[in-house]
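Notes follow the structure.
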Amino acid sequence: MLPSNLLRVKRRGFKVLPRFAELNYENEYAASLLIDTYQEHVGKTIGELEDAIDDVEDELEDLGYHPKFVRGLIELLDRLIEAQKPETKVPPDLARRTVFAVSSQMGFATTPEVKVKVFEEAAKRLNVSVHDLIKAFEASYEDSEIIISFNAPTPVDLLRQYNLSLTQTLTFKAMSMDLVANMTGGEAKSILRTVKMLGLMYMAEKSDGVLRLHIDGPASLLVSTRRYGTRMARLIPLVLRLRSWRIRAEVLYMKRRFLMELDERFSKLMPSKPPIEETFDSMVEEDFMLRFQALGLGWRIVREPEPLMAGGSIFIPDFALYKGDVKVYLEIVGFWTPEYIERKMQKLLQVKEPMIIAVNKHMACSKESLERLRGAVVVFDGKLRASDLVPVLRRLEPVRVEAKQPTTPSSPERLVETPLVEVSLDEVSSYLSSIGEEPLEKVLSELRARGVSNEQEAYRLIRSHGLMVLWRGLDPSKAVVKRVKP
Amino acid sequence: MPPPVVLEYERGTVVVKGFRGELPGCKWDVRSGCLRALAYKYFEVKRALEEMGFEVIDKVLSPIGGSIGTPHIKPLRSYQEEALEEWLKAGMRGIVVLPTGTGKTLIAIKAIATLNEPTLVVVPTIELLEQWRSQLAKSLNVDVGVLGGGEKKISFITVSTYSSAYMHAEELGNKFKLLVFDEVHHLPSESFRQIALLSTAPHRLGLTATFEREDGRHVDLLDLVGEVVYRKAVYEMKSKHLADFDLVRVYVELTDEEKLKFSKLFSMYKDFLEKKGWKLKSLQDFRRLIMASGLSKEARRALLAWRDARLLVLNSVSKLDVLKDLLRRHKGDRIIIFTELNKAVRRISKELLIPEITYKTGSKERAEVMELFRSGVYRAVVTSKVLEEGIDVPDANVAIVLSGTGSRRAFIQRLGRILRPAPGKRAVLYEVVAKGTPEVMISRRRRRGLTGG
């Protein structure tokens, strides 16, 4: 981030973009000239460095580089040096206090003679030589600090850092920001966590698998404000770590509104960062994943899958489980505060996708909420074991075409578990084949009327006829059966 | 009986849960599915709901607990009493306009003691922060919280800089009942106003010597703090409560060599302006030039020429000689030297061995310099602009202005610095102006500020 007087932009109509420094030979030359100057001044004073930099600045300007660009690079390089007060015989602060106090008594150094007397008297009071005193006195001014190290970047890295800083500086002036991106659950989680941590708010939309986050702050609703700009700027490095992204920020610049639009094509001008690492929220989840895989149920498990919509906000389930065309999400609700659980429940009730919710038996959660979630709830005590899920998963297992004949079960296990059903398969088949979309409850009662009394069996039959159960908010009365295959 | 409506505080805003309809200052927030208003509308919102007959569950305020100790406050002067009276009558809201050095701080301290509520005092500079902290602690006998200058401690009575209060506005918003804005003319800027907007505090006091802003935004203060409840100008106060002072202008001639250099630099700058058809009449014009300097090399050259010309005048040998003369003449006095550029400050400090204060001086060092100046160990301080506002230097009786921006406000406040009432004292303000340079113009403009109030 740069001071705003060093901001350089390109304007066109109502659009604005940072005036990026291209990664070309000319700019690398300017960068390397500056870097070399800093490098050469390790061991010298800040004052000496400043004088040298002034000269380089003039030289670069004569060559036609823009002064704000040059200043911007200097600004960034200044952050990479470490300076220290020089070694002195007496502490510089003490020398300064003594010199000024003596000078005050003597009526200030209005002549060279008085000046010498002031130094002599001060040296006497501190019991050091005049030379050492003057050295310590000089050291009390900040430009006498000595540069002890300089963490030199490469010219290209400096230019990339400059471009990022420039983008962030323009984002300071943003009143709101839209982020459109294709992101994994882990990436979305990391970005939303940062949004929340920064005290920002968001509205989410999803279409064709692409997520759009409108980001601003609580007061943005009531006043157009750039208050949140500095915080939005802190999201940029995170955004750069996404593979494909687009930013559209509304910027108030020079008292006019502009749109700043950036996308992944600009990533190459900026520092390259590794993609966002997926981290487990808790040991519970990590442990569960390993155990689930070890169980060898034939279900594929994916952690933090794509974000789901829950009203205007986003819900990222802990896992997605796949088998054949069947996909179900799994959320593990551990032991937490009642407020947390309540918020999570509110969100879960808004998710439209099929979900399994594993809840801790001792969870501080209202009974009503739990009841509303019945149907796909697995209750566990202490730790969720992968095997706790087996009954639910079995109900959801996809059934291959040959499974239409109950005599050829898809697994030996099923042979034992599937009760014999005295039904007319033809009747059931013709009914199920006629369905486009029906409420789940209606389908279940129709099947019961045709002799399918076991609910698990009913689900199996529904699936085997190219149908799918769509859960709406986990309330069975809202679930529908829908055709997925003709 | 309708179900109760819940009011909650959320980062500088107030959210209304369980009600959908018209409420003052409120808008429907789709993000959270509730009505939302800026925190300063809180009491209006609550009143409106209660008038509609709703039961309100109010979770908004989270005031800092505590109380002031036994106060030790100097008796107020009559005009200070009047000002406080007017403010209380206006519902504990509003602005008091009084010249610098007339004891606005005392009015505020008395107001804070009278209300004995969690109070946030907002001040523009680190020096003022220190000054208010020690005065509040002494007069109200409390532990004072500080926000700014690297410190962050929130207490029943807290002092903050404008920047820190802006940065932490969301966190501070529901913790205080009384806001005191020192130098309140800073408040209407786009960012600082949010300190007022994002706070639920019902009671607000603004203090200033210069109510009007060049950009006309002072009208917004009515909404943010309240109306002007009391006002007196410099000339009404001068003989009554301020030390008498003399204003002495000293003209200096540049040396021939300096003159030559100056005219060369100055014409470079002037030619550029003429070519552009610009007339430099105000600070705005100057800012425009600075903006342009970022756009063309030519403009930047002109700006540099102007800066060098100014530095030349400031550092002129004859000016320094005058300064030396004045220092000799005022042996034993307490002197503040103002000059504009930090380079010039540094030069005077190193050459004459006078402690300096610039924007680069760390807060610890600043406090030390001010303390030693107050106690008399240091007899002079040289500074750039940082001392411009309300710094308490009770014993300074000589000010030497080696340059200035020509801004009315700055001049009044600099002047105010040495006008602290001290019985039997006569203060002197010297203005050192180089003959035949544009500085003469600036000085004349500055003096006009004296009678304007």
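So the sequences go chain by chain: V and C.
Under my numbering, the residues of the first sequence are numbered 12 to 497, in order.
Under my numbering, the residues of the second sequence are numbered 11 to 463, in order.
A virtual CB, placed ideally from N, CA and C, is assigned to each residue, including glycine.
Note that the structure is predicted; figures quoted are calculated from it, not measured.
Beta carbon proximity, Thr415(C) to chain V, threshold 7 Å: A caution first: Thr415(C) carries a pLDDT of 43, below 50, which makes its placement in the model unreliable, though a value can still be read off. No, no contact with chain V.
Cβ of Leu363(C) within 7 Å of any chain V Cβ: yes
Short-range partners of chain C found in the region 109–127 of chain V, where Cβ spacing is below 7 Å: Val110, Phe111, Ala112, Ser114, Ser115, Gly118, Phe119, Ala120, Thr121 and Lys126
Those runs of the beta strand (DSSP E) which lie wholly inside the region 130–208 of chain V and span at least 3 residues: 157–161 and 185–192
Closest residue to Leu125(C) among Phe186(C), Pro109(C), Ala354(C) and Lys353(C) (Cα-Cα distance): Looking at Phe186(C), Pro109(C), Ala354(C) and Lys353(C), the one whose alpha-carbon comes closest to that of Leu125(C) is Phe186(C).
As assigned by DSSP and simplified to three states, the class of Gly240(V): helix
Distance between Ser273(C) and Asp318(C) (C-alpha atoms, nearest Å): 11 Å
Residues near Arg357(C) in its chain [Cβ-Cβ closer than 8 Å; skip 5 each side]: Annotation for Arg357(C): Asn325 place their beta carbon closer than 8 Å to its own, counting only its chain and skipping 5 residues before and after.
Residue environment, Arg30(C), which counts as buried when at least 16 other CB atoms sit within 10 Å: exposed
For Phe25(V), three-class secondary structure by DSSP: coil
8 Å contact criterion, which Ile367(V) and Leu400(V) should meet: CB distance rounded: 7 Å
contact_flag[the region 337–351 of chain C, the region 128–139 of chain V] where n(CB pairs < 8 Å) is 3 or more: no
Neighbouring residues, chain V, relative to Val387(C) (Cβ below 7 Å): Ala112 and Ser115
Beta-carbon contacts of Gln361(V) that lie in its chain and below 6 Å, excluding the five residues immediately before and after: Ala321 and Gly322
Pairwise C-alpha distance: Leu13(V) and Ser176(V): 6 Å
Closest residue to Ile78(C) among Glu127(C), Gly43(C), Gly159(C) and Lys84(C) (Cα-Cα distance): Minimum Cα distance to Ile78(C) is reached at Glu127(C).
Chain C residues whose Cβ lies nearer than 8 Å to that of Leu319(V): Under the 8 Å cutoff, chain C gives no residues; its nearest Cβ is about 18 Å from Leu319(V).
Near-chain V residues of the region 169–195 of chain C (beta-carbon distance less than 7 Å), N- to C-terminal order: From the region 169–195 of chain C, only Glu180 have a Cβ closer than 7 Å to chain V.
Inter-residue spacing [alpha-carbon to alpha-carbon] between Lys184(V) and Tyr264(V): Approximately 7 Å between the Cα atoms of the pair.
Test: Arg317(C) CB closer than 7 Å to a CB of chain V: For Arg317(C), no Cβ of chain V is located within less than 7 Å of the residue's own Cβ.
Arg418(C), DSSP secondary structure in three states: The pLDDT assigned to Arg418(C) is 43, lower than 50, so where the model puts this residue is not dependable; a value taken from the coordinates is nonetheless given after this. If DSSP states are grouped into helix, strand and coil, Arg418(C) belongs with the helices.
Coil, strand or helix - Ala260(V) by DSSP: strand
Whole-Å CB distance - Phe31(V) paired with Asn174(V), under 8 Å assumed: Asn174(V) and Phe31(V) do touch by the CB rule: their CB atoms are close to 5 Å apart, below 8 Å.
Of the residues Gly158(C), Asn151(C) and Pro109(C), the one placed nearest Val133(C), counting alpha carbons only: Gly158(C)
Start and end residues, alpha helix (DSSP H) containing Arg405(V): Val401 to Leu407
Start and end residues, alpha helix (DSSP H) containing Gly83(V): In the DSSP assignment, Gly83(V) falls within the alpha helix (DSSP H) that extends over Pro78 to Asp89.
Min CB distance Arg320(C) to chain V below 7 Å: No, its Cβ sits nowhere closer than 7 Å to a Cβ of chain V.
Assigned secondary structure, His195(C) (DSSP; H/G/I helix, E/B strand, else coil): helix
Option nearest Ile136(C) by Cα separation, candidates Thr371(C), Val392(C) and Ile410(C): Thr371(C)
Opening and closing residue of the beta strand (DSSP E) in which Pro450(V) lies: Glu448 to Pro450
Beta strand (DSSP E) segment containing Asn324(V), residue limits: According to the sequence shown, residue 324(V) is Ser rather than Asn. From DSSP, the beta strand (DSSP E) with Ser324(V) extends over Ser324 to Phe326.
Nearest neighbour of Lys126(V), chosen from Gly307(V), Glu70(V) and Ala112(V) [CA to CA]: Ala112(V)
Own chain partners of Pro102(V) with C-beta closer than 8 Å, once the 5 adjacent residues on each side are dropped: Ala147
Residues near Ala230(V) in its chain [Cβ-Cβ closer than 7 Å; skip 5 each side]: Cβ within range, chain order: Thr236 and Arg238.
Own chain residues within Cβ distance below 8 Å of Arg143(C), not counting five before or after: Val154, Val156 and Val169
As assigned by DSSP and simplified to three states, the class of Ser218(V): strand
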